[in-house]
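So the sequences go chain by chain: A and B. Going by our numbering, the first residue of the first sequence is number 442, and it counts up by one from there. Going by our numbering, the first residue of the second sequence is number 7, and it counts up by one from there. By construction, the Cβ of each residue, glycine as well, lies at the ideal position given by its N, Cα and C atoms. Here the structure is laid out as structure tokens; the discussion comes afterwards.
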Amino acid sequence: TGTQVRLDSFFKVT
Amino acid sequence: NALIKQAGLLKKIIDAIKDLIDEATLDCDNDGIYLQAMDSSHVSLVTFYLKKNLFEKYSCNRNLSLGINMTSIAKILKCGMSDDTLLLETNNPIDILSFKFESRRGHKLSQFQLRLMNLEMERLSIPDTEYSCIIEMMCSEFSKVCHDLATIGDSMTITCTKKNVTFDTTGDLGTGIVSLKQGVVGSENDENVYAASIKIVKPVSLSFSLRYLIYFTKASSLSNKVILHMGEEVPLMVEYKIFNTYEEEAGYLRYFLAPKVNE
Numbered sequence: 442t443g444t445q446v447r448l449d450s451f452f453k454v455t
Numbered sequence: 007n008a009l010i011k012q013a014g015l016l017k018k019i020i021d022a023i024k025d026l027i028d029e030a031t032l033d034c035d036n037d038g039i040y041l042q043a044m045d046s047s048h049v050s051l052v053t054f055y056l057k058k059n060l061f062e063k064y065s066c067n068r069n070l071s072l073g074i075n076m077t078s079i080a081k082i083l084k085c086g087m088s089d090d091t092l093l094l095e096t097n098n099p100i101d102i103l104s105f106k107f108e109s110r111r112g113h114k115l116s117q118f119q120l121r122l123m124n125l126e127m128e129r130l131s132i133p134d135t136e137y138s139c140i141i142e143m144m145c146s147e148f149s150k151v152c153h154d155l156a157t158i159g160d161s162m163t164i165t166c167t168k169k170n171v172t173f174d175t176t177g178d179l180g181t182g183i184v185s186l187k188q189g190v191v192g193s194e195n196d197e198n199v200y201a202a203s204i205k206i207v208k209p210v211s212l213s214f215s216l217r218y219l220i221y222f223t224k225a226s227s228l229s230n231k232v233i234l235h236m237g238e239e240v241p242l243m244v245e246y247k248i249f250n251t252y253e254e255e256a257g258y259l260r261y262f263l264a265p266k267v268n269e
């Protein structure tokens, strides 16, 4: 149930 | 060069992350050892920090990045006994990590060497977040809630208010809901037992994959308590504090999990 969001959209690559 | 009094502690830490990530770098400096890695589907991130005071002796005179295969390090740690002392050392050039186990009575010494890897890891910056709700509860309770609800559904909604925190799921067979009240519920061996300790700025309700939450509960042996940090539109942070043999706080293991959303 629900769509899994990816973590990349919250944390930026340094 | 790091000497840990109980090899079993490092084994517990690695066992708590090895099914989630394949490879990672151990970043060592004079203050301690840091690891950060995302799972292959980029849904969760694990970080740990082992502070200098976790070790009986610790020295690191220049910054090092040690590329580790998690399955391999877990195999080596399995060769030691949990109450062995463990000395970790790198050589120069840095291509191996050596593990020297010594039994508590000193009658058995064993040494293993782990070949290090050249890893080009992406480093993510984790922003400092003001979480809306911080929930502290017993690890065993959190683990039971996740395992129980996973028998019913595949995701769990965590709803936190001032008075309680509820965990609920829906599946083909029906629904399940567990609610823990805020506050101390009693005393056990002179230690307060919380249903849940809730610090709240604003109520939050978010859904997460139970498969990942169950991975995280493998860290339950590190600490009595788990701390859930929740905020609107930010990943959940599940934190287990790490203590040294003198019961001083000596680091943490943190998991971050992106939420599930309804279209």
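Alpha carbon of residue i to alpha carbon of residue j, nearest angstrom
| i | j | result |
| --- | --- | --- |
| Asn268(B) | Phe222(B) | 23 Å |
| Glu253(B) | Leu72(B) | 28 Å |
| Val207(B) | Lys168(B) | 9 Å |
| Ile248(B) | Met127(B) | 25 Å |
| Ala156(B) | Leu216(B) | 6 Å |
| Gly182(B) | Asp174(B) | 6 Å |
| Gln188(B) | Gln117(B) | 49 Å |
| Leu115(B) | Lys63(B) | 18 Å |
| Leu60(B) | Tyr40(B) | 13 Å |
| Ser104(B) | His235(B) | 36 Å |
| Glu136(B) | Glu245(B) | 15 Å |
| Lys57(B) | Ala225(B) | 18 Å |
| Ser146(B) | Asn69(B) | 37 Å |
| Ile313(B) | Asn124(B) | Because residue 313(B) is not part of the residues shown, which for chain B are 7 to 269, the question remains open. |
| Lys231(B) | Tyr258(B) | 12 Å |
| Ser229(B) | Glu108(B) | 25 Å |
| Asp154(B) | Ser203(B) | 21 Å |
| Met87(B) | Lys18(B) | 12 Å |
| Glu142(B) | Asn170(B) | 12 Å |
Secondary structure of residue i, DSSP reduced to three states
| i | result |
| --- | --- |
| Glu147(B) | helix |
| His235(B) | strand |
| Asn59(B) | helix |
| Thr455(A) | coil |
| Ile183(B) | strand |
| Ala264(B) | coil |
| Thr223(B) | helix |
| Asp134(B) | coil |
| Leu125(B) | coil |
| Gly257(B) | strand |
| Tyr218(B) | helix |
| Gly159(B) | coil |
| Ser229(B) | coil |
| Asp449(A) | helix |
7 Å Cβ shell around residue i - same chain, five flanking residues per side excluded
| i | result |
| --- | --- |
| Ile79(B) | Ile20, Leu120 |
| Lys266(B) | Ser161, Ser213, Phe214, Ser215 |
Contact with chain A by residue i, beta-carbon distance below 8 Å
| i | result |
| --- | --- |
| Gly189(B) | no |
| Gly159(B) | yes |
| Thr31(B) | no |
| Arg129(B) | yes |
| Ser211(B) | no |
| Phe262(B) | yes |
| His235(B) | no |
| Asn36(B) | no |
| Lys270(B) | An answer regarding residue 270(B) cannot be provided, because it is not within the stretch 7 to 269 covered by chain B. |
| Ile100(B) | no |
| Ser138(B) | no |
| Leu51(B) | yes |
| Thr77(B) | no |
| Thr223(B) | no |
| Val184(B) | no |
| Met44(B) | yes |
| Ser71(B) | no |
| Ile311(B) | Residue coverage of chain B in this structure runs from 7 to 269, which leaves residue 311(B) outside it and unanswerable. |
Close beta carbons around residue i, own chain, < 6 Å, minus the five adjacent residues each side
| i | result |
| --- | --- |
| Phe452(A) | none |
| Asn7(B) | Ser65, Glu95 |
| Lys106(B) | Leu93, Gln117 |
| Met44(B) | Leu51 |
Residues near residue i by beta carbon distance below 8 Å, same chain, minus five either side
| i | result |
| --- | --- |
| Thr77(B) | Lys24, Asp28 |
Residue i: CB within 7 Å of a non-hydrogen atom of the ligand GDP
| i | result |
| --- | --- |
| Ser185(B) | What this structure holds is no ligand at all, so the ligand GDP is not there to describe. |
Report the start-end ranges of each beta strand (DSSP E) in the region 61-122 of chain B that is 3 residues or longer and not cut off at the edges. 70-75, 91-96, 102-108, 115-121
At 3 residues or longer, and completely inside the region 18-53 of chain B: list those beta strand (DSSP E) runs for me, N to C. 29-35, 38-44
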